[in-house]
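Undergrad: Numbering-wise (numbering that gives the first Met the number 0), the sequence shown opens with residue 0 and increments by one.
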Amino acid sequence: MIITDVKVRVFRTTSKLSRDNDGHAHPGPETETRMGLLTVIADGVTEGHVLCPPAAVRRELVESYVRPVLIGRDPLMREQLWNALARWQRGSGGQLSDRTLSYVDQALWDLTGRILGAPVWKLLGGYRDKIPAYGSTMCGDELEGGLKTPEDYGRFAEWMVKERGYQAVKLHTWMPPVSFAPSVKMDIKACAAVREAVGPDVPLMLDASHWYSRMEALELGRGIQDLGYCWIEEPMEEASMSSYRWLSENLDIPVIGPESAAGKHYTRGEWAAAGACDILRVGALGAGGITPALKTVHLAEGFNMDCEIHGNGAANLALAGGMPNSRWYERGLLHPFTNYDEPAPHLNSLVDAMDEDGFVPMPSAPGLGEDINFGYIKDNTVERW
C-alpha cells in the first residue's frame, strides 16, 4: 500500500466566534468563514482526513513539502514520514510550521485507523474507553452577563457543574485587550468566586495571563493554592524555563507546562529534567502532531509525571484515550453566550459529546472518529489543490 495523492478542499462554513486583538476567542454574531479539509489517499481508495485552517495547508506548502515527502510512501510508516517532514523545517525557512506537521500527521493517523479498521485511541495504546471532562472557559471579557466579573465566573461555573454535569472547571481569566487586564487581584477574586459557587470538592484549575512577572505569578499561585486549585497554567512567558523552575520551587500548587513553548517533545523533556513543572502539558497541535505528542506522554511516564492534554478535538481525545497518565479531557472553550454542544455545519455530530455524568466516551469508528459532513463540504467547496 502506498500514498497516491494528497489533496486540500477549502469550503465555506459558519462560525459564532470572534477574535480580539490578541487572538482570544469570544462569542460573536454568526459569520461566514473558511475551513480546510486535508485528505491523504492510499492506493487511490482509502482516505484519511483532518479539518484544519486553510493557511496551515496552503497550496505552496502542500506542493513543495507535503506531496514530495508522502506520495509513493507507505502510509503506515508514520514515524518515518513525520521525521522526514520535521527535518525539512529548518531548510524551509520557517514556512513548514509545527501546525502543518500536526495536520499532516493527524491525517496519516486517521488513514491508518481506517486501513486497519480501528480507532486511533486504541492504536495509541487503548487505556480507557471514556474520560472525565473539565469545562474550560473562554477568556474574560467586558460583556454584560458574559465573563465580565468574578461573580459572572461563579454563576457560569455553578451552571457547568450543577446543570451541565462537568466534573471540573478551568478558568481562563482576563487578558489584554480587556481594559483592566492583566490583574492578579481580579484573577484571585474570580477563582474565589468559582470556589464558593461550586463548593470545596470540585477540582478547579487556572490558566491566567501569560505575561505576568515572577513575583506576580508567585502572588497568583499562592492565592489560588489556598483555594485548593489543582494547577496553575502558563502565568509567564514559557521561553523562560528558569522562571518556571523557580515558580515550581516556590509554590505548593502544581505548575503545569509547557503549553505553547516551541520545540516539540525535546522542549518538554528539558522541562521535566529541569523540574520546571510538576505536570507536563502537550497537545497534538502545539507539539507538531500525535506522533511527537505521544513521545511526550511516555517521557512523562518515565519521570512518574502526569501529562495533561492541551485542548479539545479528535486528536487530543485519542491521545487521552490511549494513555494512563492523563486525568482529564479539556472540553471547551465555553461561555454563557455560546453552545458548545451544537455541531458546526460541516460536522454531523461532535467527536467529544459528553454524557450526563461528565464523561466523554471514546469514538468507536475507525480512525480519529470525526463525523464529517462530506456532503456539506462538497456543496460549499470554493477551492481545491
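For glycine and all other residues, C-beta sits at the position ideal for the given N, C-alpha and C.
(1) Quick one, which of TYR165, ALA83, VAL49, PRO26 has its alpha-carbon nearest ILE376's?
(2) Check each candidate in GLN79, LEU60, ARG77, VAL103 and name the one with the smallest Cα separation from GLY92.
(3) Residue ranges of each beta strand (DSSP E) run of no fewer than 3 residues wholly in the stretch 148-219, ordered along the chain?
(4) Name, in chain order, the residues that DSSP records as bridge partners for VAL49.
(5) Could you work out which residue in VAL5, GLY47, LEU16 is closest to VAL68 when comparing CA atoms only?
(6) Just curious, the beta strand (DSSP E) that LEU279 is in, first and last residue?
(7) What is the DSSP secondary structure of TRP81, reduced to helix, strand or coil?
(8) Below 7 angstroms between beta carbons: does that hold for GLY227 and GLY357?
(9) Using 8 angstroms for Cβ pairs, my map puts ARG244 next to ALA275. What's the rounded Cβ distance?
(10) Under the rule that 16 or more other beta-carbon atoms within 10 Å means buried, what is ALA272, buried or exposed?
(11) Cα-Cα, which of HIS334, GLY47, SER182 is closest to LEU115?
(12) Taking the straight line between their C-alpha atoms, what separation do you get for VAL296 and GLY310?
(13) Give me the Cβ distance between MET322 and GLY124, rounded to the nearest whole Å; I'm assuming they're in contact under 8 angstroms.
(14) How many angstroms separate the CA atom of VAL177 from the CA atom of GLY145?
(15) Got a sec? Which residues, its chain only, sit under 6 angstroms from HIS334 by beta carbon, not counting five neighbours each side?
(16) Does the separation of the CB atoms of SER212 and PRO181 fall below 7 angstroms?
(17) Over what stretch of residues does the alpha helix (DSSP H) that includes THR380 continue unbroken?
(18) What does the alpha-carbon distance come out to for the pair LEU298 and ASP378?
(19) Please list the segments of the alpha helix (DSSP H) lying wholly inside the stretch 81-147, counting only runs of 4 or more residues, in order along the chain.
(20) Residues bridged to LYS6 by DSSP?
(21) For THR337 and ALA260, I'd like the C-alpha separation in whole angstroms.
(22) Which residues bound the beta strand (DSSP E) around ILE308?
(23) According to DSSP, simplified to helix, strand and coil, what is HIS297?
(24) Kindly indicate the opening and closing residues of the beta strand (DSSP E) around ARG393.
(25) What did DSSP end up calling ILE289 once you bin it into helix, strand or coil?
(26) Okay, do the stretch 139-159 and the stretch 75-85 touch, 3+ Cβ pairs below 8 angstroms being the bar?
(27) Looking at C-alpha atoms only, which residue of TRP210, PRO74, ASP42, ARG66 is the closest neighbour of ASP21?
(28) For THR99 and LEU284, I'd like the C-alpha separation in whole angstroms.
(29) Evaluate contact between the stretch 216-231 and the stretch 196-208, counting only Cβ atoms and requiring at least three cross-stretch pairs below 8 angstroms.
(30) Pick out whichever of GLU237, GLY256, SER241, ILE187 has its Cα sitting closest to the Cα of ASP394.
(31) What separation, rounded to the nearest whole angstrom, lies between the Cα atoms of ILE289 and ALA132?
TA: Quick answer:
(1) Cα-wise, what sits closest to ILE376 is VAL49.
(2) Comparing Cα positions, the closest option is LEU60.
(3) 167-171, 203-206
(4) LEU37
(5) VAL5
(6) 278-281
(7) helix
(8) no
(9) 4 angstroms
(10) exposed
(11) Ranking the options by Cα distance to LEU115, first place goes to GLY47.
(12) Looking at the two C-alpha atoms, the distance is approximately 15 angstroms.
(13) 6 angstroms
(14) As the crow flies, the alpha-carbon of VAL177 is around 13 angstroms from that of GLY145.
(15) Closer than 6 angstroms at the Cβ level, and outside the excluded window around HIS334, lie PRO26, MET137.
(16) no
(17) From DSSP, THR380 is part of no alpha helix (DSSP H) but of the beta strand (DSSP E) over 380-383.
(18) 44 angstroms
(19) 97-115, 119-122
(20) The partner list for LYS6 (beta bridge, DSSP) reads THR38.
(21) 29 angstroms
(22) Taken as a continuous stretch (DSSP letters only), the beta strand (DSSP E) holding ILE308 covers 306-308.
(23) It is helical.
(24) Because the chain is modelled from 0 through 384, residue 393 falls outside the range shown and cannot be assessed.
(25) Reduced to three states, the DSSP call for ILE289 is helix.
(26) no
(27) The shortest Cα separation from ASP21 among TRP210, PRO74, ASP42, ARG66 belongs to TRP210.
(28) 9 angstroms
(29) yes
(30) As displayed, the chain neither begins before 0 nor continues past 384, which places residue 394 out of reach and without an answer.
(31) 20 angstroms
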